[in-house]
Every structure is written in structure tokens, then in C-alpha cells.
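What follows is one structure encoded as C-alpha cells, with my remarks underneath.
In our numbering, the protein residues as written are 70 to 267.
As C-alpha cells, then:
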């Protein structure tokens, strides 16, 4: 006969088994926590700081080619406005959404005119405030003209593709509201042969 003290130290047999998912959780708890933190940080970076983008069309050739992959930063325009020459990614304005473009169908173009600028296009030359814009990034000058000067309204931008004769841009649909700008293209990470700043 065993004493009461001895019986307290002996394990009691049970019929229940630990569920499989609890075993996995107990074994992988630390790995799952690290993965959850990494995914959360990645999501925060994408929402607030930077995100990758793919170039689907040739409207920015020769600067950007179909298939290029870029890093778009989203922070700098919180501290200063876009500048002439910046390459930006933006949501299509209302004028384009009327033609079936979805809100999440991003565009990429170059900022040409800032709020208050007076713009005209004549003989293949873009003029800003009566000064010709030096454009060493275009393959060919525009074959169209906007000879009547117009002023870019406050809170709006005039944007154009570098492939001037094959770009659905402000010369077609008008001004881009500041609120539609997602961010600025800063770096091409693919293809690796063309890796570098944009």
C-alpha cells in the first residue's frame, strides 16, 4: 500500500490529448510572433513610407521602359510640394475615371507645371512662364500644340509623359489635383542592368 504522499507525486493518466494546432502554436510561438511583427512592419512601410511599382506602358520612354520596377517614396511631399521634373505616381483624376479607369489604377508621369505656372506648347517646345523648358529626357518633341497659354490652378499640377506622342496625360485630360499624388519615383530596382536612381 502506497502512502498518501507518494500518490500525490505520481502523474495522473488522462484520456485527453493536446489539439494539433495548440502543439504547433507551442512549438512555433516565437517564429509566428516574429513573422507577424515583420508583416506588420512591412505593411506600415508600404502604406506610409515607400512601395514598389511596375511600369505597364511606354508613356515614360525613354526614361522608363515597360517592365521597369521602381521604388516610390511617399514621405517627402509631406514636407515640400512636388517640383518641376519630378516623376510621380498618382491615382487617376475624376476626368479619367469617367472613361473607365479605376481609382487604384495608378499612373506615372513627369511634373511639368506647378500651381500658378503659365504653360503653352508650340512648335514642339513646352514653355513655362514664357521660358522654354529644357527637356533632355524626351525622345522626340510633341507633335501637338497648345498655343493658347493657360495657368495651372492652385492645388493642381500639369503632368506629361516623356514619350510625348504616346502618353495619356494633362495635355489630354487636364490638371492633376495634389490629393491624387501617391508619391515620387526615386529608384529603379529592376532590371538590374538599369539599376539606379530615376
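Glycine included, C-beta positions come from ideal geometry on N, C-alpha and C.
Whole-Å CB distance - residue i paired with residue j, under 8 Å assumed
{"i": "residue 188", "j": "residue 218", "result": "7 Å"}
Residue i, DSSP secondary structure in three states
{"i": "residue 223", "result": "coil"}
{"i": "residue 172", "result": "coil"}
{"i": "residue 105", "result": "helix"}
{"i": "residue 253", "result": "strand"}
{"i": "residue 206", "result": "coil"}
{"i": "residue 217", "result": "strand"}
{"i": "residue 183", "result": "coil"}
{"i": "residue 140", "result": "strand"}
{"i": "residue 114", "result": "helix"}
{"i": "residue 228", "result": "strand"}
{"i": "residue 241", "result": "helix"}
Classification of residue i by the beta-carbon crowding that lies within 10 angstroms, buried from 16 upward
{"i": "residue 205", "result": "exposed"}
{"i": "residue 225", "result": "buried"}
{"i": "residue 159", "result": "buried"}
{"i": "residue 103", "result": "exposed"}
{"i": "residue 144", "result": "exposed"}
{"i": "residue 132", "result": "buried"}
{"i": "residue 245", "result": "buried"}
{"i": "residue 155", "result": "buried"}
Proximity of residue i and residue j at Cβ, strictly below 9 Å
{"i": "residue 259", "j": "residue 137", "result": "yes"}
{"i": "residue 257", "j": "residue 151", "result": "no"}
{"i": "residue 164", "j": "residue 186", "result": "no"}
{"i": "residue 252", "j": "residue 120", "result": "yes"}
{"i": "residue 249", "j": "residue 184", "result": "no"}
| said: Using 8 Å as the cut-off, can you tell me whether the segment 100-118 makes contact with the segment 213-230, which would need three or more C-beta pairs spanning the two stretches below that distance? | reply: No, they do not touch.
| task | Report yes or no: do three or more beta-carbon pairs, one from the segment 230-240 and one from the segment 171-186, lie closer than 8 Å? | result | yes
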